[in-house]
Structures are given as C-alpha cells and as structure tokens.
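Step one of this worksheet: look at the structure below.
In my numbering, the protein residues as written are 15 to 223.
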C-alpha cells in the first residue's frame, strides 16, 4: 500500500509563499504533496456553485421532459429538435459538474523512501477546469475532459531502476517528467516552475545520497 494512504495533515509543512509544496517525514521516507490545497475563495464558491448547478440541473431535466413529450405528441419540427439537443447537452454538462464536485479527491504525492521512489498521480481537481494558468502551460488542457477520467497512476520504483527525471519547455512553463519503461509521466502538473525546480532538486539530492 502506498505512502499516500497515511498522509497525516497535522504533520504537513509548507515552505514559503513561492513554494507551496507540503511535505512530512516519517519512517517510510519523505512524502511531498504536490496538489496545492484549495484556497478560501474556492471553498466559499464551491457550495453556492453546487447549489446553482443543482437548480440548473433540475430545470434542464424538467425542460427536457416537457420537450420530449411534446415531440411524442406531435410531429417534430426543427425548433423542437434544436432545443431538445441543447437540453441534452446541458444535461450531460450538469451531470459532469456534479460528478466532479462530489467524487473523492486524491492529492498528487511523491515519496522518497530509503530504497525506492513512490508516485501517486491523484485525481484532477474540479477547479482545474477553470484554471487559466493550467490552460496556458499545457497544450491540450481539457483533452475533451479526458484528464478527469484517465487512470490514476500509482507506482513504486526501486532506486536502482529509476531511469531519468527531466524538464521540458512548453509555452511559458518548464514541465517535469519521469521516464520509466518507455513512458513519460508528468510530475507536478499543477505546480509552478519554482516548485518544479525545487522538487527536482530534492529528488536529485535523494538520488545522490
């Protein structure tokens, strides 16, 4: 079982305003939490946002049902089909928003153990959908929303089997990747450049011990 399951929030330490990576030490090594905590603005916005989305969802369901039965009772015309299509798309979007708000959130974690490297990609937070910084530094930030349904990566690699960590320039960012068995796994996708540089320095220092 990975180190991320034992994350003790009371032990977390944050470095500075520029480096928001939280970490703690225990017998298993040093664990770094790479998912920045939600700020107060998001916490205040999330609840009313969920209420608004729920009300809109209810309205969309009622409207879709009314239009569907109207189509069943009379010959369909272009306008009714247009609105029914729009309501269907809206219904899908509302369901997606509710799913993203309610699903369990798992932080992205890196643990540097004595003899191994552990990584947990966690889950994409809901607010990433509206994160301008994330959109600027990634080529396809939405990827048809595939990022929200991708498989969660959890792997542990022996120290001697680690291949390489490298930086890749893209737009205004220097992304951090791990190369492992032909795969190129991005680490710290929601971090800024200073945080990625700091994390890479910690990993390099650990590799050299």
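Ideal Cβ placement from N, Cα and C applies to all residues, glycine included.
Residues near residue 130 by beta carbon distance below 7 Å, same chain, minus five either side: 170, 171, 172 and 173
Reference residue 118, options 73, 187 and 166, closest by Cα: 166
Cβ shell of residue 23 (< 8 Å), same chain only, five flanking positions each side left out: The predicted position of residue 23 is uncertain, since its pLDDT is 42 and thus under 50; a value taken from the coordinates is nonetheless stated next. Within the same chain, residue 23 has no close Cβ partners at all.
Paired residues, beta bridge with residue 186 - DSSP: According to DSSP, which records beta bridges pairwise, residue 186 is partnered with nothing at all.
Proximity winner among 40, 48 and 35, relative to residue 200 (alpha-carbon distances): 48
Inter-residue spacing [alpha-carbon to alpha-carbon] between residue 214 and residue 205: 12 Å
Close Cβ partners of residue 198 (< 8 Å) along its chain, the five nearest in sequence each way excluded: 191 and 192
Test item: CB-CB of residue 123 and residue 45 under 8 Å: yes
Residue nearest to residue 184 in terms of C-alpha spacing, selected from 194, 203 and 79: 203
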